[in-house]
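This report concerns only the one structure given below.
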Amino acid sequence: MTRFDTAFTRCPLIAILRGIQPHEVLDIGRVLVDTGFTIIEVPLNSPAPYQSIALLQDTFGDRVLVGAGTVTSPEAVGEVARHGGRLVVMPHADLAVITEARKRGMICTPGVATPTEGFAALNAGADALKLFPAEQLGTKALRAWRSVFPSRTRFIPVGGIVPENMQSYLDAGAAGFGLGSALYRTGYSARDVGHAAERFMKALPQNVHTV
1 MTRFDTAFTR
11 CPLIAILRGI
21 QPHEVLDIGR
31 VLVDTGFTII
41 EVPLNSPAPY
51 QSIALLQDTF
61 GDRVLVGAGT
71 VTSPEAVGEV
81 ARHGGRLVVM
91 PHADLAVITE
101 ARKRGMICTP
111 GVATPTEGFA
121 ALNAGADALK
131 LFPAEQLGTK
141 ALRAWRSVFP
151 SRTRFIPVGG
161 IVPENMQSYL
171 DAGAAGFGLG
181 SALYRTGYSA
191 RDVGHAAERF
201 MKALPQNVHT
211 V
């Protein structure tokens, strides 16, 4: 079982901290860890993202899988690795980025919007498929994909996910979720994030996670 398998089994929710700044990342990271989150992603279009990734890894790396989102080049994969990140999340399915992540022994979850992208990403070594943007693709697409992809494929909807619509995606075959602005957005305090995190955890059926 990989580190991703272990973390995702414990809690199949990925915290996406887009816009987070280094001076606040540890307080917010601590709230997420205390709530039961096991995967935290800092998008690279955030202020000083590598510094935030390094701080999270140094402080919580023994309990949480830490990495980067919005990774769009092989060079960025190298920077994420250099700062301690072990997870690469992408908005697209660039095979060069997936290949670089796999070469470095990192977990990679590319964004896909078509079956063609999805199968190519899996063949390149993707650990899971980020269904993005989920609000555009919807549960009907996910259900159709689920019927033709390998049964062990993890689909992770990202975009527009709120506690109220999680069950419909789970029913369609989602394995978990990436949580963006409904969990954290610029200006949120650690208390704000804590309240949001608790709502998401309560919306998870008990048989989906073991925390």
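If you're matching positions, the sequence shown starts at 1 in UniProt numbering and goes up one per residue.
Just so it is clear, CB atoms sit at the ideal spot from N, CA and C, and this is done for glycine as well.
Values in this document were obtained by computation on a predicted structure and should not be read as measured data.
**OP:** Rounded to whole angstroms, what's the CA-CA distance from residue 174 to residue 54? Just pull it up for me.
**Re:** 30 Å
**OP:** Would you give the residue range spanned by the alpha helix (DSSP H) that residue 87 belongs to?
**Re:** Premise fails: residue 87 lies in the beta strand (DSSP E), 87-89, not in any alpha helix (DSSP H).
**OP:** Measuring alpha carbon to alpha carbon, tell me which of 96, 188, 58 ends up nearest residue 74.
**Re:** 96
Subject >> Residues that residue 108 bridges to, as DSSP identifies them >> reply: The bridge partners DSSP lists for residue 108 are 88.
Subject >> residue 137 (DSSP reduced to helix, strand or coil) >> reply: helix
Original post:
Straight-line CA distance for residue 120 to residue 93?
Top reply: 8 Å
**OP:** Using three-state DSSP, classify residue 65 as helix, strand or coil.
**Re:** strand
**OP:** Determine the closest residue to residue 184 out of 142, 129, 25, with distance taken between C-alpha atoms.
**Re:** 25
Subject >> Rounded separation between residue 145 and residue 157 - CA only >> reply: 12 Å
**OP:** Closer than 6 Å by C-beta to residue 52: which residues in its own chain qualify, once you throw out the five before and the five after it? Chain order, please.
**Re:** 20, 22, 25, 42
**OP:** Tell me residue 15's beta-bridge partners as DSSP assigns them.
**Re:** 40, 179
**OP:** Kindly indicate the opening and closing residues of the beta strand (DSSP E) around residue 131.
**Re:** 129-131 is the extent of the beta strand (DSSP E) around residue 131.
Original post:
Mapping DSSP to helix, strand and coil, what is residue 98?
Top reply: helix
Original post:
In the structure shown, what three-state DSSP assignment does residue 149 receive?
Top reply: coil
Original post:
Span of the alpha helix (DSSP H) holding residue 74?
Top reply: Note, residue 74: alpha helix (DSSP H), 74-82.
Subject >> For residue 166 and residue 203, believed in contact at Cβ under 8 Å, the rounded distance >> reply: Right, their Cβ atoms sit about 5 Å apart.
Original post:
Between residue 67 and residue 147, what straight-line distance do the alpha-carbon atoms span, to the nearest angstrom?
Top reply: 30 Å
**OP:** Buried or exposed for residue 83, please, with buried defined as at least 16 other CB atoms from any protein chain shown within 10 angstroms of its CB.
**Re:** buried
Subject >> Neighbourhood of residue 79 by C-beta distance below 8 Å, restricted to the same chain and skipping five residues each side >> reply: Correct list, in chain order: 50.
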